[in-house]
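**Student:** In this note's numbering, the protein residues as written are 11 to 314. One structure coming up, written as structure tokens, with questions to follow.
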Ligand code: ZN
């Protein structure tokens, strides 16, 4: 049987330079996403059809939800906390990466409330990036070195496997994930893209992966056990960056895209580059994990 074919529609004309990292907030019933090069966090409330954004003042690779209702960012050279409408942006933890060489890119929260985020080489040529884990207390360490463009995190339902993408490798990979000690092992390739490059990724409630294909005008649904291509979502734009399930029933797949690097001719062909798209693919996704930092915990640790 061939792969099922679906089409995604524009839901927000966000015109992002580099839209990325969508995440559904199931308490507010809103979608957050970033415009990395637009240096901003965007928010879309589908029930009211309201789109807003706030500036971060630096490149922002990923946004994630916090247990206490705020947000955590992997932005430019380190981690930051911010409140949902952009209030009270402040650095979080000590980690600073070499921003001459790399910047923070994609990130996700693991099933135990830690934030994993990786960096990418600015020129996308050399494996000088890394994947980091940010613990709830703000301490951070390297989980994986020699990364060129860190992307695409998703955990299997039991948390024992994490799926990962270094876009420069051209494939989706898996690691065994030690959820107690936060360690990666048994690295293996699941599937290699035939055209375009794998970018952001999420997992559905059947345990299948949805992978955004940069330069491929599509999202692929993949069985991570067999590598089989199950569905293809087509988009009228080439630079497809990331995906997340959202909507009140988490039955809508939201898809971010990018406008960067397209000349006038290309933008004439794909005027919706950088917009937010959506499709109802007939499956649902699990709720996003939340970073386990809280202000009371912060006060406890600083007062100890
Ligand atoms: Zn990405």
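Quick reminder that beta carbons are idealized off the backbone N, C-alpha and C, glycines included.
Taking the beta strand (DSSP E) that residue 331 falls in, what are its first and last residues?
**Tutor:** Residue 331 falls outside the range modelled here, since the chain spans only 11 to 314, and no answer is possible.
**Student:** Look at the Cβ atom of residue 150, then the Cβ atom of residue 103, and state whether they are nearer than 8 Å.
**Tutor:** The residue given as residue 150 occupies position 140 in the chain shown. The residue given as residue 103 occupies position 93 in the chain shown. Against a cut-off of 8 Å, the Cβ pair of residue 103 and residue 150 comes out as a contact.
**Student:** Please list the terminal residues of the continuous alpha helix (DSSP H) segment that includes residue 277.
**Tutor:** As a working note, residue 277 is residue 267 in the chain shown. That run of the alpha helix (DSSP H) goes 274-279.
**Student:** Consult DSSP for residue 135 and reduce its assignment to one of helix, strand or coil.
**Tutor:** In the chain shown, the residue the question calls residue 135 occupies position 125. DSSP places residue 135 in coil when its eight states are reduced to three.
**Student:** To the nearest whole angstrom, what separates the beta carbons of residue 245 and residue 265, a pair I think is in contact under 8 Å?
**Tutor:** As a first step, residue 245 must be located in the chain shown, where it is residue number 235. As a first step, residue 265 must be located in the chain shown, where it is residue number 255. 7 Å between Cβ atoms; contact.
**Student:** Can you find a heavy atom of ligand 1 that lies under 7 Å from the Cβ of residue 115?
**Tutor:** What you label residue 115 is simply residue 105 of the chain shown in a count that begins at 1. Yes, Cβ of residue 115 sits closer than 7 Å to a heavy atom of ligand 1.
**Student:** Grouping DSSP H, G and I as helix and E and B as strand, with all else coil, what is residue 179?
**Tutor:** Here residue 179 refers to the residue found at position 169 of the chain shown. Residue 179 falls in the helix class under three-state DSSP.
**Student:** Determine, using beta carbons only, whether residue 300 and residue 119 come nearer to each other than 8 Å.
**Tutor:** To locate residue 300, count along the chain shown from 1; it is residue 290. To locate residue 119, count along the chain shown from 1; it is residue 109. Result yes, Cβ atoms of residue 300 and residue 119 sit closer than 8 Å.
**Student:** Confirm the yes/no value for this check: CB of residue 24, any heavy atom of ligand 1, distance under 7 Å.
**Tutor:** Here residue 24 refers to the residue found at position 14 when the chain shown is read from its first residue. Of the heavy atoms belonging to ligand 1, none sits nearer than 7 Å to the Cβ of residue 24.
**Student:** The beta strand (DSSP E) spanning residue 218 covers which residue range?
**Tutor:** Within the chain shown, the letter at position 208 stands for residue 218. Residue 218 -> no beta strand (DSSP E), and no H or E assigned at all.
**Student:** Mind checking residue 41: buried by the 16 CB within 10 Å criterion, or exposed?
**Tutor:** Locating residue 41 in the chain shown gives position 31, where the first residue counts as 1. Its Cβ being crowded by 16 or more others within 10 Å, residue 41 is buried.
**Student:** Looking only at its own chain, which residues have a Cβ that is under 6 Å from the Cβ of residue 352, when we skip the five neighbours before and after it?
**Tutor:** Outside the shown range of the chain, which is 11 to 314, sits residue 352, and nothing can be said about it.
**Student:** I need the DSSP call for residue 319, collapsed to helix, strand or coil.
**Tutor:** Nothing about residue 319 can be reported from this structure: the residues present for the chain run from 11 to 314 only.
**Student:** According to DSSP, is residue 124 part of a helix, a strand, or is it coil?
**Tutor:** One-based indexing of the chain shown puts residue 124 at position 114. It is coil, neither helix nor strand.
**Student:** Mind checking whether residue 122 and residue 33 have CB atoms under 8 Å apart?
**Tutor:** Your numbering for residue 122 matches position 112 in the chain shown. Your numbering for residue 33 matches position 23 in the chain shown. Using a Cβ distance threshold of 8 Å, residue 122 and residue 33 do not count as a contacting pair.
**Student:** May I ask you to list the residues that DSSP assigns as paired with residue 92?
**Tutor:** Taking the chain shown and counting its residues from 1, one reaches residue 92 at position 82. Beta-bridge pairing links residue 92 to 81.
**Student:** With which residues is residue 115 paired in a DSSP beta bridge?
**Tutor:** Position 105 of the chain shown, counted from the first residue, corresponds to residue 115. Beta-bridge analysis with DSSP links residue 115 to no other residue.
**Student:** So, using beta-carbon positions, are residue 182 and residue 219 closer together than 8 Å?
**Tutor:** As a position in the chain shown, residue 182 is number 172, starting the count at 1. As a position in the chain shown, residue 219 is number 209, starting the count at 1. Result yes, Cβ atoms of residue 182 and residue 219 sit closer than 8 Å.
**Student:** Comparing alpha-carbon positions, which option in 98, 132, 228 and 94 lies nearest residue 157?
**Tutor:** Here residue 157 refers to the residue found at position 147 when the chain shown is read from its first residue. Ranking the options by Cα distance to residue 157, first place goes to 132.
**Student:** Which of the three DSSP states, helix, strand or coil, is assigned to residue 259?
**Tutor:** Indexing the chain shown from 1 puts residue 259 at position 249. Residue state, collapsed to three classes: coil.
**Student:** Is DSSP giving residue 249 helix, strand or coil here?
**Tutor:** Position 239 of the chain shown holds residue 249. Correct three-state label for residue 249: strand.
**Student:** Taking C-alpha atoms, which residue in 47, 59, 80 and 74 lies nearest to residue 65?
**Tutor:** Position 55 of the chain shown, counted from the start, is the residue given in the question as residue 65. Comparing Cα positions, the closest option is 47.
**Student:** Comparing the CB of residue 69 with every heavy atom of ligand 1, is any distance shorter than 7 Å?
**Tutor:** Your numbering for residue 69 matches position 59 in the chain shown. No.
**Student:** Beta carbon of residue 161: closer than 7 Å to some heavy atom of ligand 1?
**Tutor:** What you label residue 161 is simply residue 151 of the chain shown in a count that begins at 1. In this structure, the C-beta of residue 161 approaches ligand 1 to less than 7 Å from one of its heavy atoms.
**Student:** Hey, how far is the Cα of residue 248 from the Cα of residue 270?
**Tutor:** Here residue 248 refers to the residue found at position 238 of the chain shown. Here residue 270 refers to the residue found at position 260 of the chain shown. Between residue 248 and residue 270, the C-alpha separation is close to 11 Å.
**Student:** Restricting to Cα atoms, I'd like to know which of 222, 277, 250 and 227 is closest to residue 164.
**Tutor:** The count along the chain shown starts at 1 and reaches residue 164 at position 154. Nearest of 222, 277, 250 and 227 to residue 164, Cα basis: 222.
**Student:** Does at least one heavy atom of ligand 1 sit under 7 Å from the Cβ of residue 210?
**Tutor:** If you number the chain shown from 1, residue 210 lands on position 200. It does: the Cβ of residue 210 is within 7 Å (strictly closer) of some heavy atom of ligand 1.
**Student:** Measure the Cβ-Cβ separation of residue 72 and residue 116 and say whether it is below 8 Å.
**Tutor:** Taking the first residue of the chain shown as 1, we reach residue 72 at position 62. Taking the first residue of the chain shown as 1, we reach residue 116 at position 106. The Cβ-Cβ distance between residue 72 and residue 116 falls below 8 Å.
**Student:** Quick one: Cα of residue 56 to Cα of residue 113, how far?
**Tutor:** Walking along the chain shown from the start, residue 56 turns up at place 46. Walking along the chain shown from the start, residue 113 turns up at place 103. The alpha-carbon separation between residue 56 and residue 113 amounts to approximately 31 Å.
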